[in-house]
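Novice: Each residue of the sequence shown is one higher than the one before, counting from 3 in the numbering used here. The C-beta atom is built at its ideal place from N, Cα and C for all residues, glycine as well. In this text, all values refer to a predicted model and were calculated from it rather than measured experimentally. Submitted below is the structure of interest, expressed as C-alpha cells.
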Amino acid sequence: MEYPAHVYFTMVVVVFIGFLGCSDTDTEESTLIPEVPREEIAGTEDPLEKLKTREVASREYLNTYTELKETDPAAALEALKTAASILHDNHPKSDEYAKRLFDMDTAGVATLPQLLALEEVLLEISIDNNYGQELIQHQKESIQETKERIKELKKDGIDPDEFTERFTFDPTK
Numbered sequence: 003m004e005y006p007a008h009v010y011f012t013m014v015v016v017v018f019i020g021f022l023g024c025s026d027t028d029t030e031e032s033t034l035i036p037e038v039p040r041e042e043i044a045g046t047e048d049p050l051e052k053l054k055t056r057e058v059a060s061r062e063y064l065n066t067y068t069e070l071k072e073t074d075p076a077a078a079l080e081a082l083k084t085a086a087s088i089l090h091d092n093h094p095k096s097d098e099y100a101k102r103l104f105d106m107d108t109a110g111v112a113t114l115p116q117l118l119a120l121e122e123v124l125l126e127i128s129i130d131n132n133y134g135q136e137l138i139q140h141q142k143e144s145i146q147e148t149k150e151r152i153k154e155l156k157k158d159g160i161d162p163d164e165f166t167e168r169f170t171f172d173p174t175k
C-alpha cells in the first residue's frame with residue numbers, strides 16, 4: 003500500500019523544500035557537524051529563509067546518504083544525521099529524527115506509529131525553530147490524520163504496529 007499524498011507532502015516538509023536536484027560534489031567523510039556560516043543566514047530574520055539556506059548546506063550530506071545507504075549503512079546514517087543537524091540548526095532532536103527516518107527508509111516499510119513518532123519529532127523541531135504557523139499547523143494536521151488512521155485500524159481489529167506500508171525516502175526528488 004502506498005502512503006496517501008499528504009504523507010508524501012509531510013515527508014517533503016520533514017526534509018523541507020524537497021532537496022531538489024543532486025550536486026556532483028565530492029564529499030569528505032567527517033563526524034563533525036559543520037555550522038552554516040552565520041553570515042549566510044544573518045541577512046534575514048525569516049526562519050523559513052534561514053531553513054532554505056540550511057537546506058542548501060545540507061544537500062551534500064543527503065547526497066552522501068543516498069550514495070551510501072545500500073553499501074555502508076553506518077556511514078549513511080552519520081551523513082543523514084549531519085544533514086538533519088544542519089537543516090534543523092543543531093536542534094537536539096535532529097539525531098532522533100534522522101535515526102527514525104533511516105530506520106524506515108532502510109526497512110522500506112513503516113508502521114503508522116513509526117510515522118507518527120517521526121511527525122511528532124518534526125513538530126517539536128518546527129515549533130522550537132519557529133518555522134512559522136503555516137508549517138506548524140500543517141504538521142499538526144498531519145499528526146491528527148495519522149492518529150485517525152491508527153484509530154481506524156484499531157477499530158477494524160488491526161494492530162497498527164503490525165500493519166506496514168511501503169516507505170521510501172529519496173532526498174533527490
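1) Does the segment 79–90 touch the segment 58–68, meaning 3 or more C-beta pairs lie closer than 8 Å?
2) Can you give the Cα-Cα distance for A119 and S144, rounded to whole angstroms?
3) Beta carbon of F209, beta carbon of L114: below 8 Å?
4) Taking the straight line between their C-alpha atoms, what separation do you get for E30 and L155?
5) Checking 8 Å against the spacing of the C-beta atoms, do N131 and D91 come in under that value?
6) Buried or exposed for K157, going by 16 or more other Cβ atoms inside 10 Å?
7) Give me the Cα-Cα distance between K149 and P75, rounded to the nearest whole angstrom.
Specialist: Result, derived from the coordinates:
1) yes
2) As a position in the sequence shown, residue 119 is number 117, starting the count at 1. As a position in the sequence shown, residue 144 is number 142, starting the count at 1. The alpha-carbon atoms of A119 and S144 are separated by roughly 12 Å.
3) This structure cannot settle anything about residue 209, because the visible part of the chain is limited to 3 through 175.
4) To locate residue 30, count along the sequence shown from 1; it is residue 28. To locate residue 155, count along the sequence shown from 1; it is residue 153. For E30, the predicted structure reports a pLDDT of 35, less than 50, and the residue's modelled location is therefore unreliable. A value from the coordinates is still provided. About 45 Å.
5) In the sequence shown, the residue the question calls residue 131 occupies position 129. In the sequence shown, the residue the question calls residue 91 occupies position 89. Yes, the Cβ-Cβ distance between N131 and D91 is below 8 Å.
6) Reading the sequence shown from its first residue, position 155 is the one you call residue 157. Exposed, by the Cβ-count rule.
7) Residue numbering aside, residue 149 sits at position 147 when the sequence shown is read from its first letter. Residue numbering aside, residue 75 sits at position 73 when the sequence shown is read from its first letter. So the two alpha carbons sit approximately 31 Å from each other.
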